[in-house]
Amino acid sequence: MSDEKKGQDARLKFYTSSATIRYLKSVGVPKRTGEFRAMVAAGSTVKLDSKEGADLIETLGRVVFAKHPQQINVTDDTNGKMISSIAI
Numbered sequence: 756m757s758d759e760k761k762g763q764d765a766r767l768k769f770y771t772s773s774a775t776i777r778y779l780k781s782v783g784v785p786k787r788t789g790e791f792r793a794m795v796a797a798g799s800t801v802k803l804d805s806k807e808g809a810d811l812i813e814t815l816g817r818v819v820f821a822k823h824p825q826q827i828n829v830t831d832d833t834n835g836k837m838i839s840s841i842a843i
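Sequential numbering from 756 applies to the sequence shown in the working numbering.
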């Protein structure tokens, strides 16, 4: 399995988890780096200051958020496929 496929699987698992969906529903789309790090901290058990945490942030950052009046779409930036559509 390639690194790109592992990254896609990691993004799919993270952005479809209940903790991440709950965070996006309550806070909304992260617009700044600090907000993105807070979202990753809310949905992951990895320490963000470690090397593993830095790799996770880099991997999870390869998405595009599209906010609509009734939903938030999360699309994988590497392959263009939609990961999740979250009703708000």
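In this text, a Cβ means the ideal position worked out from N, Cα and C, and glycines have one as well.
Problem set entry | Ranges of the beta strand (DSSP E) found wholly within the stretch 793 to 835, counting only runs of at least 3 | 818 to 822 and 826 to 831
For this session: Report yes if the C-beta distance between residue 766 and residue 838 is below 8 Å; otherwise report no.
Result: yes
For this session: Assign residue 843 to one of two classes, buried (16 or more other C-beta atoms within 10 Å of its C-beta) or exposed (fewer than that).
Result: exposed
Problem set entry | Neighbour-count burial assignment, residue 771, 16 or more Cβ in a 10 Å radius | exposed
Problem set entry | Distance, residue 804 Cα to residue 764 Cα | 22 Å
Problem set entry | Strand pairing of residue 839, partner residues [DSSP] | 829
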